[in-house]
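Undergrad:
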DNA sequence: CGCAAAATCCGAAACGTTTTGGAAAAACGA
DNA sequence: TCGTTTTTCCAAAACGTTTCGGATTTTGCG
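Protein chains in written order, with the UniProt record's numbering: chain Y, 1 to 338; chain L, 1 to 338.
(1) Do we get a CB-CB distance below 8 Å when we pair residue 219 of chain Y with the residues of chain L?
(2) Does the distance from the CB of residue 85 of chain Y to the CB of residue 298 of chain Y come in under 8 Å?
(3) Spatial neighbours of residue 293 of chain L within its chain, please: CB distance less than 8 Å, with the 5 preceding and 5 following residues excluded, ordered by chain position.
(4) For residue 242 of chain L, which option in L:158, L:308, L:248, L:184 has the closest C-alpha, if you only look at C-alpha atoms?
(5) Do we get a CB-CB distance below 8 Å when we pair residue 47 of chain Y with the residues of chain L?
(6) Counting only beta-carbon atoms, is residue 114 of chain L nearer than 8 Å to chain Y?
(7) From residue 27 of chain Y to residue 20 of chain Y, what distance separates their C-alpha atoms?
(8) Listing by chain order, which chain Y residues have their CB less than 8 Å from the CB of residue 120 of chain L?
(9) Closest by CA to residue 317 of chain Y, which one among Y:143, Y:135, Y:24, Y:329?
(10) Relative to the alpha-carbon of residue 130 of chain Y, which residue among Y:66, Y:333, Y:30 has its alpha-carbon at the smallest distance?
(11) Is DSSP giving residue 100 of chain L helix, strand or coil here?
(12) Using DSSP bridges, identify the partner residues of residue 160 of chain Y.
(13) In angstroms, rounded to a whole number, what distance separates the CA positions of residue 42 of chain L and residue 11 of chain L?
(14) Output the distance between the C-alpha atoms of residue 258 of chain L and residue 139 of chain L, rounded to the nearest integer angstrom.
(15) Flag this pair as touching only if the region 72 to 91 of chain L and the region 70 to 78 of chain Y have three or more C-beta atom pairs under 8 Å; answer yes or no.
(16) Leaving out the 5 sequence neighbours to the left and right, which residues in its chain are closer than 8 Å to residue 329 of chain Y when beta-carbon positions are compared?
(17) For residue 177 of chain L, which of helix, strand or coil comes out of DSSP?
(18) Determine the DSSP secondary structure at residue 276 of chain Y, reduced to helix, strand or coil.
(19) Which of helix, strand or coil does DSSP assign to residue 220 of chain L?
(20) With DSSP run on the structure shown, which of helix, strand or coil describes residue 236 of chain Y?
(21) Should residue 102 of chain L go down as buried or exposed, given a rule of 16 or more other Cβ atoms within 10 Å for buried?
(22) Alpha carbon to alpha carbon, what distance is there between residue 234 of chain L and residue 264 of chain L?
(23) Since residue 59 of chain L meets chain Y, which of its residues come closer than 8 Å, beta carbon to beta carbon?
(24) Residue 117 of chain L and residue 59 of chain L: beta carbons closer than 8 Å?
(25) Quick check: is the beta carbon of residue 75 of chain L nearer than 8 Å to any beta carbon in chain Y?
(26) If residue 200 of chain Y and residue 188 of chain Y are in contact, beta carbons under 8 Å, what's the gap, nearest whole angstrom?
(27) Could you name the residues of chain L that residue 84 of chain Y contacts, counting a contact when the two beta carbons are closer than 8 Å?
(28) Work out the CA separation of residue 154 of chain L and residue 162 of chain L for me, nearest whole Å.
(29) Among residues of its own chain, excluding the 5 on either side of residue 136 of chain L, which ones have a beta-carbon nearer than 7 Å to its beta-carbon?
(30) Measuring straight from C-alpha to C-alpha, what distance separates residue 69 of chain Y and residue 240 of chain L?
(31) Once the 5 residues before and after residue 7 of chain L are set aside, which same chain residues still bring their CB inside 7 Å of it?
(32) Name the chain L residues that come within less than 7 Å of residue 285 of chain Y, Cβ to Cβ?
(33) Leaving out five residues on either side along the sequence, give the residues of the same chain with a beta carbon under 7 Å from the beta carbon of residue 268 of chain Y.
(34) Return no unless some Cβ of chain Y is closer than 8 Å to the Cβ of residue 243 of chain L.
(35) Could you name the residues of the region 304 to 335 of chain L whose beta carbon sits closer than 8 Å to any beta carbon of chain Y, in the order they occur along the chain?
(36) For residue 30 of chain Y, is the classification buried or exposed, using 16 other Cβ atoms within 10 angstroms of its Cβ as the cut-off for buried?
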């Protein structure tokens, strides 16, 4: 592997000059620059980023810390879409991304910030970790610039991008209310997700504004899991037969709920209306197609990457909130009279 | 950021001793080792992998070069699944993965092997690049250990993992033949994919063994794209009304074909049977559910990572071929009499 | 031509590790 | 006690860059 020294030797100049020539500094004559360039090309030279990073004290890599890269998560390719967004932005810069996954054996031994510090990443994007994750605070409190996805923590070194969850949820519930539903349940995620709290709040706001009382026992947690949501829904709908509609905090859980309803012999949307959240790919393919609140996952990743790079260039940490959109499909209908 | 020197100073020993203590060498007394460990913990020390990599001449990172991380590829999360497999295996090792994506602006300027050499990755996994990609040969001819996915090139430094494409395709077509179909078309990918050639061969083998003549004009290329496949299928089925079944080299193209058929007023499977390839998530959710040849994408990634790490430990490059499985759903039926 | 200014170049230190070859200290056996 | 072995430690070089401060050469101008 050819180094800067080899080039220097071949060109009859010092390594300093080679370095400065290759990096486009002004104090090297056009003639020697050309000679150095030619030799570099001829010797098939590639700079050693490790050495460069070591002395420059910046690695030009960002860490991408995701939790959703599991075998079971292919249905809910939320993670993949934000990764694509991140990747898309980063591809336009001179950074590269290094992938860390939580829920690995490695992560049991090393904390997130250890991983980041060891690899000397310049910044990190966090997605999909719970708000009660002990390691979350650690990385946030470290001096590594980071941007969080769907976790509202901010300082001069940490920003976040999220969507207008309360408004999104509100729109979903208002849609149900407009269809005449008054007995509305909610399948929420879990208490350790910011978005769950927000969506719950949206639920309440919509109900309150419509003067419809909220039945607390109709609000259950599905842990963002299709299976758990199915089980919880099964209990819920056997116990409370008045429910005519349910708002789910994720499409995946909505799918679980649909399965439960089918088992119970209840039809969607004739007997009960369902609206989900996320607009995952499957939402438009299941039957009946799922009415849901769409959020642009790709853009979330893209914005996160953009913000992080901005921060690395010296700009301030921000918070960006993306709009959501209610997309009405076939899983919601007017409430039956009676 | 605390370094090994800081620890040495604090412990009153040399950096050599600190290094050896931290790395578990035998020639340091238990007493000083303990002292060093304690100080390291107390100072919140993280080793600088960059410096280590530089001197050790290995970075403990592998490059993951994928092409399918595009916004439009969410439907066909092939890429994501193999990434998950790769990640799953790597998580158990002390390697990390750095993500390169082709079809970026960066890649226009730098070749794959340049990217790899600059970052000093120890090995690389390639997925989704075409066989005529000029950069493919470059990385294969470089001395970087690599494993290819679905590209049959082998040397002492490069292995690959693939599936039994000809057998898989054969099973698919035999399934159609057993249902009585004799007028079978094929929607292939493109000429620059190894799998296309293999699946075409499987198609021929099945037809030949059944003594059913192959109509060459019934074999068209859909470029692995849903839209293009739809257009090609539209032409095909308007021109040749005898066709009663079609084998598609990917599920995504099968979806396109289904759309074309719907436009033409042809029912699946009553009028024409379809079998796809891949078993993407959507396959079981579309209506009618798609009969297809399933390949374990997760395992492909897992095996690729496993092989690469093996190679980095000194073992030989291999080739592993995974089994496929025909999963019969609703899109195939017995041919109509008449 | 001579001198100041501008343009080019270079030596050496630094980044944080690992490793080699050997030195010092401790333990041991007689 | 002394010599020998074993244990424990260390100084220095090396990895491939960048950069500081200064040295050398060229150019410009009167």
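No residue lacks a Cβ here, since even glycine has one placed at the ideal position from N, Cα and C.
None of these values were measured; they are calculated from a predicted model.
TA: The short version:
(1) As a working mapping, residue 219 of chain Y is identified with position 219 in the first chain. With 8 Å as the cut-off, residue 219 of chain Y does not count as an interface residue toward chain L.
(2) Here residue 85 of chain Y refers to the residue found at position 85 when the first chain is read from its first residue. Here residue 298 of chain Y refers to the residue found at position 298 when the first chain is read from its first residue. Going by C-beta atoms, residue 85 of chain Y is nearer than 8 Å to residue 298 of chain Y.
(3) As a first step, residue 293 of chain L is located in the second chain; it is residue number 293 there, counting from the start. So the qualifying residues of the chain are 168, 169, 171, 172, 275, 276, 277, 278, 279, 324, 325, 326, 327.
(4) For the purposes of this step, residue 242 of chain L is taken as residue 242 along the second chain, with counting starting at 1. Minimum Cα distance to residue 242 of chain L is reached at L:184.
(5) Along the first chain, read from residue 1 onward, the residue named residue 47 of chain Y stands at position 47. So yes, residue 47 of chain Y belongs to the interface.
(6) Looking up residue 114 of chain L in the second chain gives position 114. Yes, residue 114 of chain L counts as interfacial toward chain Y.
(7) Translated into the one-based positions of the first chain, residue 27 of chain Y becomes position 27. Translated into the one-based positions of the first chain, residue 20 of chain Y becomes position 20. Whole-angstrom Cα-Cα distance: 8 Å.
(8) Taking the first residue of the second chain as 1, we reach residue 120 of chain L at position 120. Simply 48, 49, 50.
(9) As a first step, residue 317 of chain Y must be located in the first chain, where it is residue number 317. It is Y:143 whose Cα lies nearest to the Cα of residue 317 of chain Y.
(10) One-based indexing of the first chain puts residue 130 of chain Y at position 130. Closest by alpha carbon: Y:66.
(11) Against the second chain, residue 100 of chain L aligns to sequence position 100. DSSP places residue 100 of chain L in strand when its eight states are reduced to three.
(12) By 1-based counting over the first chain, the position of residue 160 of chain Y is 160. Paired residues: Y:148, Y:319.
(13) As a position in the second chain, residue 42 of chain L is number 42, starting the count at 1. As a position in the second chain, residue 11 of chain L is number 11, starting the count at 1. Their backbone Cα atoms lie some 12 Å apart in a straight line.
(14) Looking up residue 258 of chain L in the second chain gives position 258. Looking up residue 139 of chain L in the second chain gives position 139. In a straight line, the C-alpha of residue 258 of chain L is about 39 Å away from that of residue 139 of chain L.
(15) yes
(16) Counting from 1 along the first chain, the entry for residue 329 of chain Y is found at position 329. Answer for residue 329 of chain Y: 283, 284, 288, 289, 290, 291, 292, listed in chain order.
(17) Along the second chain, one-based indexing puts residue 177 of chain L at 177. Reduced to three states, the DSSP call for residue 177 of chain L is helix.
(18) For this step, residue 276 of chain Y is matched to residue 276 along the first chain. Strand, per DSSP.
(19) For the purposes of this step, residue 220 of chain L is taken as residue 220 along the second chain, with counting starting at 1. Strand.
(20) Taking the first chain and counting its residues from 1, the one referred to as residue 236 of chain Y is at position 236. If DSSP states are grouped into helix, strand and coil, residue 236 of chain Y belongs with the helices.
(21) Looking up residue 102 of chain L in the second chain gives position 102. Answer is buried; the Cβ neighbour count reaches 16.
(22) What you label residue 264 of chain L is simply residue 264 of the second chain in a count that begins at 1. What you label residue 234 of chain L is simply residue 234 of the second chain in a count that begins at 1. Using only the alpha carbons, I get a separation of about 7 Å.
(23) In the second chain, counting from the first residue as 1, residue 59 of chain L sits at position 59. Neighbours of residue 59 of chain L on chain Y, chain order: 50.
(24) Here residue 117 of chain L refers to the residue found at position 117 of the second chain. Here residue 59 of chain L refers to the residue found at position 59 of the second chain. No, they are not a contact pair.
(25) Counted from its first residue, the second chain places residue 75 of chain L at position 75. Yes, residue 75 of chain L lies at the interface with chain Y (some Cβ there is under 8 Å from its Cβ).
(26) Within the first chain, numbered from 1, the residue matching residue 200 of chain Y stands at position 200. Within the first chain, numbered from 1, the residue matching residue 188 of chain Y stands at position 188. Going by Cβ atoms, the distance from residue 200 of chain Y to residue 188 of chain Y rounds to 6 Å, so yes, they are a contact pair.
(27) Within the first chain, numbered from 1, the residue matching residue 84 of chain Y stands at position 84. Ordered by position in chain L, the residues that pass the 8 Å Cβ test against residue 84 of chain Y are 69, 70, 71, 73, 74.
(28) On the second chain, residue 162 of chain L is found 162 positions in, with the first residue counted as 1. On the second chain, residue 154 of chain L is found 154 positions in, with the first residue counted as 1. Computed Cα separation, rounded: 12 Å.
(29) Taking the second chain and counting its residues from 1, one reaches residue 136 of chain L at position 136. Excluding sequence neighbours, residue 136 of chain L sits near 129.
(30) Indexing the first chain from 1 puts residue 69 of chain Y at position 69. Indexing the second chain from 1 puts residue 240 of chain L at position 240. Cα-Cα distance, rounded: 45 Å.
(31) For the purposes of this step, residue 7 of chain L is taken as residue 7 along the second chain, with counting starting at 1. Here the set comprises 18, 36, 39, 40, 43, 45.
(32) Taking the first chain and counting its residues from 1, the one referred to as residue 285 of chain Y is at position 285. Residues of chain L passing the Cβ test: 282, 285, 286.
(33) In the first chain, counting from the first residue as 1, residue 268 of chain Y sits at position 268. Hits under 7 Å: 258, 261, 274, 288, 331.
(34) The residue you call residue 243 of chain L lines up with position 243 of the second chain. With 8 Å as the cut-off, residue 243 of chain L does not count as an interface residue toward chain Y.
(35) none
(36) Residue numbering aside, residue 30 of chain Y sits at position 30 when the first chain is read from its first letter. Counting Cβ neighbours within 10 Å, residue 30 of chain Y comes out exposed, since fewer than 16 surround it.
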